[in-house]
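**Student:**
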Amino acid sequence: MTLSAERIVLGVSGGIAAYKAPDLVRRLREAGAEVRVVLTQGARAFVGPLTFQAVSHQPVHTDLLDPAAEAGMGHLELARWADRVVIAPATADCLARLAAGLADDLLTTLCLATEAPITVCPAMNHVMWRAAATQDNLATLVQRGIDVIGPEEGSLAEGESGPGRLTEPAEVVRRLIAAPAAPRTAGHAPKSGPLAGRHVLITAGPTREAIDAVRFIANRSSGRMGFALAAAAQASGARVTLIAGPSTEPTPTNVERIDVETALEMHAATLARASASDLFIAAAAVADYRVADPVTHKLKNSREQQTLALVANPDILRDVAALPNGPFTLGFAAETEALEEHARHKLTAKGLDMIAANRVGDGMGFEVADNTLHVLWPDGAVTLGPATKGQIAHDLLTIAGEQLDGAG
Ligand SMILES: Cc1cc2nc3c(=O)[nH]c(=O)nc-3n(C[C@H](O)[C@H](O)[C@H](O)COP(=O)(O)O)c2cc1C
């Protein structure tokens, strides 16, 4: 699939990552899109209109209150022309102005005036990204059906590290292709349902920890429970982001899927999005350890014995539960014995809001269609099933939704 004949307005705001936007224009055009660029005043301090004019082969739009520009393709015309509006990079300031419904420049006015779906690709310093104001603004935008791509975890312009990097242009294009433009109301969460207006973040599947170029440590998780939860959350009205380890399960309709391989990648992808979500469900079977020193070539089997040194992976669930303005956290516990005791201990030790425990081993839990879940929260418990993972997922979300509403 491509972006063939799609008309995209690319808004560029004034962040350091604006230097990557011309590359995004080039890649969008290569994918078949027709691109019109709108620059904020801030963006023009970083990259000039001439660069964008050269790569887009179109005039660049910069001013709202310019009679000549308005006589050409004016702001309303641009708003109607677009099949999709993409803002990359989206600064903290731009997100704030969009969330407030301001129309004080061409880009924000156009966003208010368009019925096309809008995707924002935030990029900023990690402290700005984690700031309560930025996260609140993002949550408001998400609730209004605006799509968010990124930011990614990694080294930032000022030499620090954390979530805030603009998603690479090639990945932005891949994600736009994977989520075809649809009217904002139809392509997103249904407006009704127990989780309407909520953003649910789910991890699913196993992780793979490389030993060498061809071998890895993994586990038996199929991802089926997490994918069933993603489908059920979407059907309950939520906007859903699914962070998936390697799994052959199909992506549920209207669910944003982010593929990762290792526990470290899953940790980074999750922590970058957790504060902007209302409910976090950790259904992935994350490797507790990774190989300390994986080799890039294939290990020879010349030795009688081979010892692998392992180091602990970060605890995704614990780190999300510890976030100051974090989401409601629902963890899973797969146990072979003393199910409830272990699950309640995990609930308390990790500071979770709810835990769903299932028995594994002897053909139960992993790689099977049916499941039984023991759901515990600080002052309650219920057993679900045995039933299909789809039914269990629906029932579990109903309970989580009730607790989430109770938690305010
Ligand atoms: C050198 C420099 C780099 C900046 N980088 C970013 C950034 O990456 N992300 C961001 O949100 N703001 C960044 N800012 C702040 C914005 O430029 C500022 O908030 C501006 O008002 C944004 O305007 P706009 O959103 O209308 O483009 C940076 C400022 C400077 C001086």
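For the sequence shown, the residue numbers in my numbering are 6 to 413. Glycine included, C-beta positions come from ideal geometry on N, C-alpha and C.
Measuring alpha carbon to alpha carbon, tell me which residue in Gln140, Ile321, Lys305, Thr353 is nearest Ala218.
**Tutor:** Nearest C-alpha to Ala218: Lys305.
**Student:** Nearest to Phe51 by CA position, among Arg31, Val42, Ile182, Ala23, is which residue?
**Tutor:** The residue with the shortest Cα to Cα distance from Phe51 is Ala23.
**Student:** Grab me the residues of Ala288's own chain with a C-beta within less than 7 Å of its C-beta, minus the 5 sequence neighbours each way, in chain order.
**Tutor:** Excluding sequence neighbours, Ala288 sits near Ile207, Thr208, Ala209, Met230, Gly231, Leu234, Phe337.
**Student:** Compute the Euclidean distance between the alpha carbons of Pro383 and Lys355, then round it to the nearest angstrom.
**Tutor:** Each residue's alpha carbon lies about 12 Å from the other.
**Student:** How many whole angstroms separate the CB atoms of Thr334 and Leu322, which I take to be in contact at a CB cut-off of 8 Å?
**Tutor:** Sure, about 7 Å apart at Cβ, within 8 Å.
**Student:** Cβ of Ala108 within 8 Å of Cβ of Ser18?
**Tutor:** Against a cut-off of 8 Å, the Cβ pair of Ser18 and Ala108 comes out as no contact.
**Student:** May I ask you to check if the CB of Ser18 is nearer than 7 Å to at least one heavy atom of ligand 1?
**Tutor:** Yes.
**Student:** In three-state DSSP terms, what is Glu214?
**Tutor:** Note: Glu214 maps to strand in three-state DSSP.
**Student:** Taking 8 Å as the threshold (C-beta atoms), are Asn130 and Leu103 in contact?
**Tutor:** No, Cβ-Cβ distance for Leu103 and Asn130 is not below 8 Å.
**Student:** So is the beta-carbon of Pro94 under 7 Å away from any non-hydrogen atom of ligand 1?
**Tutor:** For ligand 1, at least one heavy atom lies less than 7 Å from the Cβ of Pro94.
**Student:** Is the beta carbon of Ile21 within less than 7 Å of some heavy atom of ligand 1?
**Tutor:** Ile21 Cβ: within cutoff of ligand 1.
**Student:** Any heavy atom of ligand 1 inside 7 Å of the beta-carbon of Cys99?
**Tutor:** At least one heavy atom of ligand 1 is nearer than 7 Å to the Cβ of Cys99, so yes.
**Student:** Which residues share a DSSP beta bridge with Glu459?
**Tutor:** Nothing can be reported for residue 459: it is not among the residues displayed for the chain, which extend from 6 to 413.
**Student:** For Ala281, which of Val147, Leu117, Pro257 has the nearest alpha-carbon?
**Tutor:** Nearest C-alpha to Ala281: Val147.
**Student:** If you pair each beta-carbon of the stretch 77-94 with each one of the stretch 115-129, do three or more pairs fall below 8 Å?
**Tutor:** Yes, the stretch 77-94 touches the stretch 115-129.
**Student:** For the structure I just gave you, are there three or more beta carbon pairs, one from the stretch 198-205 and one from the stretch 240-251, closer than 8 Å?
**Tutor:** Result yes; three or more Cβ-Cβ pairs closer than 8 Å.
**Student:** Going straight from the alpha carbon of Ala223 to that of Thr301, what length do you get?
**Tutor:** Whole-angstrom Cα-Cα distance: 18 Å.
**Student:** Which of the three DSSP states is assigned to Phe232 in this structure?
**Tutor:** Helix.
**Student:** Once DSSP output is grouped into helix, strand and coil, what is the label at Gln396?
**Tutor:** If DSSP states are grouped into helix, strand and coil, Gln396 belongs with the helices.
**Student:** With the cut-off set at 8 Å, would you say Asn376 and Gly390 are in Cβ contact?
**Tutor:** Yes. Within cutoff.
**Student:** What residues in its chain sit with their C-beta under 6 Å from that of Ser252, if we drop five residues either side in the sequence?
**Tutor:** Closer than 6 Å at the Cβ level, and outside the excluded window around Ser252, lie Gly210, Gly228.
**Student:** DSSP on Phe337, reduced to helix/strand/coil?
**Tutor:** The answer is strand: DSSP assigns Phe337 an E or B state.
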